[in-house]
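So the sequence shown is numbered by numbering that gives the first Met the number 0: it starts at 0 and just counts up by one. Just so you know, even glycine gets a beta-carbon here, dropped at the ideal spot from N, CA and C. Model, not experiment: these values are computed from the prediction.
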Amino acid sequence: MNGLFITIEGPDGAGKTSVIEELYPRLQLEATRKIVKTREPGGVKIAEKIRKIILDPRNEEMDERTEALLYAAARRQHLIEVVLPALNAGHIVICDRFVDSSLAYQGAGRRIGIPEIARINEFATEGTTPDFTLYLDVDSDTGLRRIQENRAHQYDRLDSEGLEFHQRVRHAYLKLAEENPVRIHKIDARMGLQEVVESSYSAIVESYPAYFKSI
Ligand code: TYD
Numbered sequence: 000m001n002g003l004f005i006t007i008e009g010p011d012g013a014g015k016t017s018v019i020e021e022l023y024p025r026l027q028l029e030a031t032r033k034i035v036k037t038r039e040p041g042g043v044k045i046a047e048k049i050r051k052i053i054l055d056p057r058n059e060e061m062d063e064r065t066e067a068l069l070y071a072a073a074r075r076q077h078l079i080e081v082v083l084p085a086l087n088a089g090h091i092v093i094c095d096r097f098v099d100s101s102l103a104y105q106g107a108g109r110r111i112g113i114p115e116i117a118r119i120n121e122f123a124t125e126g127t128t129p130d131f132t133l134y135l136d137v138d139s140d141t142g143l144r145r146i147q148e149n150r151a152h153q154y155d156r157l158d159s160e161g162l163e164f165h166q167r168v169r170h171a172y173l174k175l176a177e178e179n180p181v182r183i184h185k186i187d188a189r190m191g192l193q194e195v196v197e198s199s200y201s202a203i204v205e206s207y208p209a210y211f212k213s214i
């Protein structure tokens, strides 16, 4: 594996999707090798099917550990079909969410426990860890307000969670960032979109100058 594995993480309402949309073309212009932008389930047939089961509002009886195992299973398939082949070909992979999402959402949000979720994800990924993670940090009040203002997306099973769930998710992310200061780069996502994109861009390019033309 000689590519570069970058993940982007954050609680709901951090603006992850908009940031990636702006960040990706800029990185593409500067990269000295191919960049692959992906997100779980990433168009992978099996992972797409698993994701539909997780998000279906009719599956209200779903047990929390079932949910965690399904995320890990979808992750595994996406890793095998998309991420690892790209990394093995030497590409830069930008992945919207990875194991940290499960640690924060299932481990802390659903209160299963971070070590438990780390264990099943270790099995699923065989220890594949991102080289670099951008964590877009936003307080839960701001995050939830942003989601409510942009209610364009369809309601899914995870939208029914309240403020405390989102606070647990955010605190878990903050703790992960504190415990992994080399891998996880925290960015204040309460700033305007352009500032967040600028900080994200600089953080990546400055950390990996060999992969980009100029700073
Ligand atoms: P996603 O489709 O990435 O939407 P967003 O644009 O908010 O990032 O994620 C949908 C939801 O799935 C989101 O609330 C986070 C949740 N999620 C988990 O709970 N565990 C996971 O492992 C992943 C990848 C996502």
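#1: Do residue 131 and residue 206 count as a contact pair if the criterion is CB distance below 7 Å?
#2: Does the distance between the C-beta of residue 20 and the nearest non-hydrogen atom of the ligand TYD fall short of 6 Å?
#3: Do residue 5 and residue 15 count as a contact pair if the criterion is CB distance below 7 Å?
#4: With DSSP as the reference, please indicate the residues paired to residue 187 in a beta bridge.
#5: In whole angstroms, what separates the C-alpha of residue 23 from that of residue 43?
#6: Over the uninterrupted beta strand (DSSP E) stretch that includes residue 79, give me the two end residues.
#7: In whole angstroms, what separates the C-alpha of residue 114 from that of residue 172?
#8: Considering only residues of the same chain and omitting the five flanking positions on each side of residue 228, which have a CB-CB separation below 8 Å?
#9: In terms of residues, what are the limits of the alpha helix (DSSP H) holding residue 124?
#10: Given the structure, does residue 39 come close to the ligand TYD, in the sense that its CB is under 6 Å from one of the ligand's heavy atoms?
#11: Taking DSSP's pairing of strands, which residues face residue 34 in a bridge?
#12: How far does the alpha helix (DSSP H) with residue 8 in it extend, from its first residue to its last?
#13: Is residue 100 near the ligand TYD, judged by its Cβ being under 6 Å from some heavy atom?
#14: Taking contact to mean at least 3 C-beta pairs separated by less than 8 Å, is the stretch 98-117 in contact with the stretch 169-185?
#15: Under a Cβ-count criterion, where at least 16 other Cβ atoms within 10 Å of its own Cβ denotes burial, should residue 2 be classed as buried or exposed?
Put simply:
#1: yes
#2: No, the ligand TYD has no heavy atom inside 6 Å of this Cβ.
#3: no
#4: Residue 187 has 136 as its beta-bridge partners, per DSSP.
#5: 21 Å
#6: No beta strand (DSSP E) holds residue 79; DSSP gives it neither H nor E.
#7: 14 Å
#8: There is no way to answer for residue 228, as the model of the chain reaches only from 0 to 214.
#9: It spans 113-124 - the alpha helix (DSSP H) in which residue 124 sits, taken as one unbroken run.
#10: yes
#11: 91
#12: No alpha helix (DSSP H) contains residue 8, which is instead part of the beta strand (DSSP E) from 3-8.
#13: yes
#14: yes
#15: buried
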